[in-house]
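**Q** One structure, as structure tokens, below. Some questions next.
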Amino acid sequence: MLDLAAAFIALTTLLTYVNYRFIRLPPTIGVMATALIFSFIAQGMSLLGYPVLEVEMQQIISRIDFSDVLMTWFLPALLFAGALHVNLADLRNYKWPIGLLATFGVLIATTVIGYLAYYTFALFGWHVDFIYCLLFGALISPTDPIAVLGILKSAGAPKPLATTIVGESLFNDGTAVVVFTILLGILLAGETPTASTIAWLFVQEAIGGILFGAALGYGVFLMMRGIDQYQVEVMLTLALVIGGAALAARLHVSAPIAMVVAGLIIGNQARHYAMSDETRRYIDKFWELIDEILNALLFALIGLELLLLPFNWLHVVAAFVLGGAVLISRLLTVAPAIVVLRQTENGRRQVPAGTIRILVWGGLRGGVSVALALSLPLGEQRDLILSLTYVVVLVSILLQGLSIGPLVRRIYKGAEPVADSDH
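The sequence shown: position 93 = 82 (my numbering), numbered continuously.
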């Protein structure tokens, strides 16, 4: 295991260096693109009769359980780190667009994408059970702001827009995982549960996650208030994430939601009332570094997964069709909510003109979608959905991620640029 971790970290570091030194794309997009190029080179060498590199890389990547690594270790830490730097006052100011998109938006997207996927599969002559189509809708519905947030800041996107994108993505990951878990339970049970059973499962996972995260965050806040030593306080936050995520799984509550809530408490209440200036600096730097390292590892792994997935060109064509379906569902989700909110003066301040276009095109898909697809039961339908999910995620990150900056600059010329939250 140590050899595997060492090899993968060394490779990711090399890919990160190559991107920074030569390619110079935005960090996460660049690392993934560099990993893709590396994968294509390995496959090309194999076609030319030199399969050693591809075989070695396949052996390394196949030993990494992407789904377990992301959902158990990476995602809780990434969500905590993201929530740590979100100003709770800003979040409250934009609670309606964030709340609508992160809850009802996920449910609507799951349903719309599920139906569109069902007919797309039929169009290509593939028989896929409808429950798998809904699972695809759930796993592809969460957005990932990691690749796009830095671009939004540098492009001068208004603060309300950036806050909405970040807030939505923090919570829709948890909502989508809960919906996916419920649908997966239905698939594995082989029968449709009653509405009350589904409602209870949702309450247990979502509300339980909120309460558990609040208890964790407040407990660590009280511990931090009683000491003033940054080394111990940093360790407390690390223990909160690692231990809290593991305990959430045992309690059958949503670890992603719990980590977001805990991160908001530590990043706001604890920041103001329990941390010295020195502790704030060290906690911020520690979690910024963790965030950057985990994102580099995650996006490198996404790019290298190409070496393991079964592909044919029909899958690629179908994935582009499904990518269009995802954008359609995003539009159907975003537009009604934003139009309703903009009917009031306060709503127009919260959601500036151009919000719909940016929210639709900036709704990138990321590693969570691939990890959830990998957790499906083994079989032909799982392999098909995994391949299609992978291509949709790649196209989303590369095409939308690299073009969102010019779109923002064109729409918001002269707008007040996004500033880091002032805690």
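C-beta atoms are modelled at their ideal positions from N, C-alpha and C, and glycine is treated no differently.
Could you give the DSSP three-state label for A146: helix, strand or coil?
**A** Within the sequence shown, numbered from 1, the residue matching residue 146 stands at position 157. DSSP places A146 in coil when its eight states are reduced to three.
**Q** Among F210, L290 and V223, which has the Cα closest to the Cα of L460?
**A** The question about residue 460 has no answer here: the residues shown for the chain are numbered -10 through 412.
**Q** Would a C-beta distance cut-off of 8 Å place W231 and L176 closer than the cut-off?
**A** In the sequence shown, the residue the question calls residue 231 occupies position 242. In the sequence shown, the residue the question calls residue 176 occupies position 187. Inspection of the sequence shows that residue 231 is occupied by Ile rather than by Trp. Taking 8 Å as the Cβ cut-off, I231 and L176 do not qualify as a contacting pair.
**Q** Secondary structure at S358, three-state DSSP: helix, strand or coil?
**A** Numbered from 1 along the sequence shown, position 369 holds the residue referred to as residue 358. S358 falls in the helix class under three-state DSSP.
**Q** Is the CB-CB distance between M46 and A31 below 8 Å?
**A** Position 57 of the sequence shown holds residue 46. Position 42 of the sequence shown holds residue 31. In contact: M46 and A31 (Cβ atoms closer than 8 Å).
**Q** If you drop the 5 nearest sequence neighbours on each side, which residues of the same chain put their C-beta closer than 7 Å to that of A362?
**A** Here the question's residue 362 lines up with position 373 in the sequence shown. The residues are L128, I374, L375 and T378.
**Q** Would you mind reading off the limits of the alpha helix (DSSP H) that contains P16?
**A** Taking the first residue of the sequence shown as position 1, residue 16 is located at position 27. Where P16 is concerned, the enclosing alpha helix (DSSP H) stretches over P16 to L36.
**Q** Just the Cα atoms here: how many angstroms apart are D54 and L64?
**A** Locating residue 54 in the sequence shown gives position 65, where the first residue counts as 1. Locating residue 64 in the sequence shown gives position 75, where the first residue counts as 1. Going by the C-alpha atoms only, they are around 14 Å apart.
**Q** Span of the alpha helix (DSSP H) holding W350?
**A** Indexing the sequence shown from 1 puts residue 350 at position 361. It spans T344 to W350 - the alpha helix (DSSP H) in which W350 sits, taken as one unbroken run.
**Q** Between the C-alpha atoms of E277 and M21, what's the straight-line distance to the nearest angstrom?
**A** For this step, residue 277 is matched to residue 288 along the sequence shown. For this step, residue 21 is matched to residue 32 along the sequence shown. If I take the Cα positions, the gap works out to 19 Å.
**Q** Would you please state the rounded distance, in angstroms, between the beta carbons of D162 and R354? I believe it to be under 8 Å.
**A** Reading the sequence shown from its first residue, position 173 is the one you call residue 162. Reading the sequence shown from its first residue, position 365 is the one you call residue 354. At roughly 11 Å, the Cβ-Cβ gap does not stay under 8 Å, so D162 and R354 are not in contact.
**Q** Would you kindly report the start and end of the unbroken alpha helix (DSSP H) that includes I120?
**A** Position 131 of the sequence shown holds residue 120. Run containing I120: F119 to I129, per the alpha helix (DSSP H) assignment.
**Q** Ends of the alpha helix (DSSP H) at I327?
**A** In the sequence shown, residue 327 corresponds to position 338, counting from 1. I327 -> alpha helix (DSSP H) spans W302 to L330.
**Q** In terms of residue numbering, what span does the alpha helix (DSSP H) encompassing A91 cover?
**A** Within the sequence shown, numbered from 1, the residue matching residue 91 stands at position 102. Taken as a continuous stretch (DSSP letters only), the alpha helix (DSSP H) holding A91 covers K84 to A91.
**Q** Give the straight-line distance between the Cα atoms of A408 and A184, rounded to the nearest whole angstrom.
**A** Sequence index remark: in the sequence shown, residue 408 carries index 419 (1-based). Sequence index remark: in the sequence shown, residue 184 carries index 195 (1-based). For A408, the predicted structure reports a pLDDT of 49, less than 50, and the residue's modelled location is therefore unreliable. A value from the coordinates is still provided. Each residue's Cα considered, the two are about 44 Å apart.
**Q** Using three-state DSSP, classify P245 as helix, strand or coil.
**A** As a position in the sequence shown, residue 245 is number 256, starting the count at 1. Of the three classes helix, strand and coil, the one that applies to P245 here is helix, per DSSP.
**Q** In whole angstroms, give me the CA-to-CA distance for F(-3) and I49.
**A** Counted from its first residue, the sequence shown places residue -3 at position 8. Counted from its first residue, the sequence shown places residue 49 at position 60. When rounded, the distance between both Cα atoms is 8 Å.
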